[in-house]
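Under my numbering, residues 5 to 297 are what the sequence shown spells out, in order.
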Amino acid sequence: MLLVALVILWGVNWPLMKLGIADIPPFWFASLRLLLGAASLFLVLGLLGRLKLPHRADLPIVLSVGVLQMGFCLGAINTALLYVPSGRSAVLAYTTPLWVAPAAAIFLGERLTWRKLAGLALGLGGLMLLFEPASFDWSDGNALLGNGLLLLSAAVWALVIVHIRGHRWRGTAFELIPWQLLAGGLPLALVAWWHDGWGSIQWTPTSLAILAYNGPVASGFCYWAVVEVTRRLPALSASLALLAVPVVGLAGGALALGEALHAALLAGFALILAGLALVETGRARPDPTHAPD
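So this is what it looks like as structure tokens:
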């Protein structure tokens, strides 16, 4: 249920982010959504009586998820959205399985069975169909920068996925996520203040509405959900399952922003589903009463 909600909520947010950075510079947009998400979860935890400082043993995961997955990746993605359509951005940002598969095998000992390798190949093939590299203008420097930032963010996110799977958690993901959002949002706010200044933000009804969604929902809820999904599924399975997000992002970009939508979408989606089926039907089901360490 968390995975389905995550795919829908993050998928529809790609065109919203594209609209948001039209009024709010990329670094400000990333920092404000993280800080709003942190504030909303601090409030919820306070009302529930569960607000507490992270355990010392959890500080590495607070920093890796907060600074890298949230801060760095969001800053890179929002900058890339200045030059790359939202649908294509969503596709490139979710090439994480390309990096997760070897990293999980090396650091976590996850076996690369023929099902996983075949599912990975099908899923990435679906992404390539969605991306359509033959239609890309390789002479455009801004486009190269944007696409490069998206691929770099995917690689960094893959490393964080492996860390999430390998870390021995002392606190729960729900208790740690506001601290992770804060760890990602504060450095981005300093960068935004230095790079753009506060006066660069255009406060409009649209930008306020988009921030209201991106703070509590797309940041607060969705980052908690993605950490929980990553903890409870093998690293490769989690990253492949999230390939459904760019499919929703492509459709949302086409409907909301009029971005070109080609027949390759259906073929790519079919390959992604086939890849997911291969990976998921081939792994042993865990005891549902067992919580991961």
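All residues carry an ideal CB built from backbone N, CA and C; glycine is no exception.
Close-in-space but distant-in-sequence residues of the same chain around residue i (CB under 7 angstroms, 5 per side omitted)
i	result
ALA239	VAL104, ALA108, LEU112, GLU114, ILE165, VAL166, ARG169
ALA34	LEU78, GLY79, ASN82, LEU192
VAL252	VAL11, ILE12, GLY15, VAL16
LEU102	LEU128
LEU57	none
Residue i, DSSP secondary structure in three states
i	result
TYR227	helix
TRP142	coil
PRO58	coil
THR293	Residue placement at THR293 is flagged as unreliable, the pLDDT there being 37, under the threshold of 50; a coordinate-derived value is accordingly withheld.
GLU199	A small correction: the amino acid at residue 199 is His; Glu does not occupy that position in the sequence shown. Three-state DSSP puts HIS199 in a helix.
HIS171	coil
GLU263	coil
ALA298	Here the chain has residues from 5 to 297 only, and residue 298 is not among them.
VAL86	The displayed chain sequence assigns Leu, not Val, to residue 86. Coil at LEU86, not helix or strand.
GLN206	coil
PRO191	helix
LEU45	helix
ALA26	coil
PRO238	coil
MET5	coil
GLY113	coil
LEU20	helix
TYR98	coil
GLY53	coil
LEU1	Here the chain comprises residues numbered 5 to 297, so residue 1 is not present and cannot be evaluated.
CB-CB length for residue i against residue j, believed under 8 angstroms
i	j	result
LEU185	LEU45	7 angstroms
THR100	LEU131	Not quite, the Cβ-Cβ distance comes to about 10 angstroms (not below 8 angstroms), so this is no contact.
GLY257	PRO29	With 8 angstroms as the limit, GLY257 and PRO29 do not qualify as a contact, their Cβ atoms being about 21 angstroms apart.
LEU67	ALA187	6 angstroms
Cutoff 6 angstroms; reference residue i; Cβ partners in own chain excluding five residues on either side
i	result
LEU39	GLY189
VAL195	PHE31
GLY145	none
LEU72	VAL160, VAL164
Close-in-space but distant-in-sequence residues of the same chain around residue i (CB under 8 angstroms, 5 per side omitted)
i	result
ALA177	TRP228, VAL231, GLU232, ARG235
LEU155	LEU96, THR99
GLN206	ASP27, ILE28
LEU85	MET21, LYS22, ILE25, PRO30, SER93, GLY150
ASP141	ALA147
Quiz item: Counting pairs of beta carbons, one from the stretch 215-232 and one from the stretch 12-19, are three or more of them closer than 8 angstroms?
Solution: yes
Quiz item: Is there contact here, the stretch 115-128 with the stretch 239-251, by at least three beta-carbon pairs under 8 angstroms?
Solution: yes
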